[in-house]
Amino acid sequence: MNVPLLDIKRQLEPIRDQIDAALRSVVDDTQFILGPQVADLEKAVGVYCGSAKAIGVASGTDALIIALMAMGIGRGDEVITTPYSFFASASSIWRIGARPVFADIDPGTFNIDPCEVEKVLSPKTKAILCVHLFGQTADMDSLNQAAGTVPVIEDAAQAMGAAWRGIRAGNLGEIGCFSFFPSKNLGGFGDGGMITTSSTHLAEKCRALRVHGALKTYIHEDVGLNSRLDSIQAAVLKVKLPYLDGWCERRRQNAAYYGRMFANTPVGTPRILEHATPIFNQYVVRIPRRELLRKRFAELGIGHAVYYPLPLHLQPCFRDLGYRKGDFPVSEQASDETIALPIFSELTDTELHFVAKTVLEHVASFS
Ligand SMILES: Cc1ncc(COP(=O)(O)O)c(C=O)c1O
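Under this note's numbering, the first residue of the sequence shown carries the number 4, and numbering increases by one thereafter.
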């Protein structure tokens with residue numbers, strides 16, 4: 004039985020008429036960049052996340068870069084982040100001329116460990132960029148405590164809809180950054196991103212930075228980016244947003260099923276913190292002899308992925324930062340042991356069972 008890691012077609016089928024109508028309206032309108040579609044989506048995302056302002060940009064990576072720039076961070080500054088994330092969490096810091104300073108993760112949640120953050124805080128630290136990895140928010144109570152007066156930037160690229168103590172991601176720090184990459188729980192038909200903040204000053208800065216730093220046309224206060232959200236993306240995302248909570252709930256149910264199946268086995272399931280409401284953009288487990296399971300999955304046609312096989316401190320492009328293998332053992336071990344299983348909302352019970360059974364057969368084969 005083939006089980007894909009993600010099947011966007013199944014998600015679109017029931018809402019296809021609404022999507023087609025939304026796409027047609029953009030074509031009829033011919034306003035392809037920003038405009039009313041983007042303004043409407045910004046309003047809707049702002050309400051959804053509970054943050055006063057939302058600014059649509061061209062990608063999640065740009066959201067991070069623009070957020071850092073808006074906060075005035077640059078050359079000579081340090082930003083603390085996790086070595087276990089998608090590349091953009093650190094490359095955005097490097098791209099604006101600042102130094103990414105890594106702090107290891109918690110082995111259960113895969114998110115940055117606030118105790119490790121405390122160890123690397125310095126007078127040069129201008130922000131902590133935490134990632135809500137795989138759709139579970141970081142431990143925001145401990146992180147905010149560790150941060151003190153240092154602002155927290157949320158890389159919420161994988162976490163639209165996730166919450167901490169009932170407060171949604173994007174509204175848990177100074178500024179939040181989302182991605183609408185098609186595989187996200189709220190995914191577009193191409194690249195897209197959003198910044199959320201309750202600060203009027205930061206929102207204004209971000210709005211200017213996404214259009215070359217111009218507050219007035221052709222008058223540039225800063226050197227910004229060309230990073231505008233397309234109307235087509237906004238139109239699609241507006242249709243999808245009301246369904247997001249339902250899709251996330253299905254993912255939580257799928258995760259709960261795996262949790263029950265893998266209880267008391269050598270499969271390491273993710274630890275969910277008491278105050279977190281995760282959305283399971285990915286369901287990532289630790290598996291003994293992972294490469295053997297990957298081989299079996301490939302034979303059977305079960306979709307899977309390794310997020311992320313090489314931690315960020317060991318990426319060749321960051322050689323000059325001076326980190327070495329062994330510096331962040333928890334992240335390095337996670338890179339060696341973890342695998343993402345299919346978790347998307349439209350998975351059938353039969354598919355879920357087949358995946359779980361295959362994993363259990365794998366661990367039983369050598370224990
Ligand atoms: C944690 C994290 N940060 C940042 C990004 C960057 O988002 P985008 O691909 O939209 O640029 C991603 C996207 O994959 C991500 O998963």
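Quick reminder that beta carbons are idealized off the backbone N, C-alpha and C, glycines included.
Since this is a predicted model, take the numbers as computed values, not measurements.
In the DSSP assignment, asparagine 114 forms no beta bridge with any residue. Every residue whose beta carbon comes nearer than 6 Å to a heavy atom of ligand 1 appears here in chain order: Ser62, Gly63, Thr64, Ser88, Phe89, Ala91, Ser92, Val134, Asp158, Ala160, Gln161, Ser182, Phe184, Asp194 and Gly196.
Pairwise C-beta distances place the region 88 to 106 in contact with the region 319 to 332, as three or more of them are shorter than 8 Å.
A direct Cα-to-Cα measurement between lysine 243 and serine 370 gives close to 44 Å.
Of all alpha-carbon atoms in Ala343, Glu364, Leu247 and Ala57, the one lying nearest the alpha-carbon of cysteine 209 is that of Ala57.
Within the region 161 to 209, the runs of beta strand (DSSP E) that reach at least 3 residues and sit entirely inside it are, in chain order, 178 to 182 and 196 to 200.
Scanning the region 92 to 161 from its first residue to its last, the whole alpha helix (DSSP H) runs of 4-plus residues come out as 117 to 123 and 143 to 150. Beyond the five residues adjoining it in sequence on each side, leucine 296 comes within less than 6 Å, by CB distance, of Ile290 and His365 in the same chain, given in chain order. In the same chain as aspartate 109, and ignoring 5 residues on each side of it, the C-beta atoms closer than 7 Å to its own belong to Asp116, in chain order. As computed with DSSP, leucine 313 is found in no beta bridge at all. One Cα belongs to tyrosine 261, the other to glutamate 277, and the distance between them is close to 19 Å. For threonine 64, the secondary structure class from DSSP, reduced to helix, strand or coil, is helix.
Counting every other CB atom within 10 Å of its CB across the protein chains shown gives glycine 179 a total of 16 or more, marking it as buried. Scanning the region 283 to 314 from its first residue to its last, the whole beta strand (DSSP E) runs of 3-plus residues come out as 286 to 289.
Close CB contacts of glycine 111 within its chain, under the 8 Å cut and outside five residues either way in sequence, are with Pro273 and Arg274 (chain order). For isoleucine 235, the closest alpha carbon among the candidates Arg13, Glu16, Met4 and Ala25 is that of Ala25.
Secondary structure remark: continuous alpha helix (DSSP H) runs of at least 4 residues inside the region 242 to 289, in chain order: 247 to 265. Residue burial is scored here from C-beta neighbours: leucine 350 has at least 16 other C-beta atoms within 10 angstroms and is therefore classed as buried. For the 8 Å CB-CB criterion, alanine 61 and glycine 195 form a contact. Bounds of the alpha helix (DSSP H) holding leucine 363 are 352 to 367.
If you compare the alpha carbons of Gly100, Ser28, Cys251 and Thr361 with that of glycine 75, the shortest gap goes to Gly100. Annotation: the continuous alpha helix (DSSP H) that includes valine 29 extends over 19 to 32. Distance from the Cα of proline 245 is smallest, within the candidate group Gln21, Arg327, Lys12 and Asp10, for Gln21. Within its own chain, the residues whose Cβ lies closer than 7 Å to the Cβ of threonine 280, once the five positions on either side in sequence are excluded, are Ala165 and Ala166, listed in chain order. Between threonine 361 and phenylalanine 300, the C-beta spacing is below 8 Å. The Cβ atoms of valine 123 and glutamate 354 lie no closer than 8 Å to each other. Following the DSSP letters along the chain, one finds alanine 337 in no beta strand (DSSP E) but inside the alpha helix (DSSP H) bounded by residues 332 to 340.
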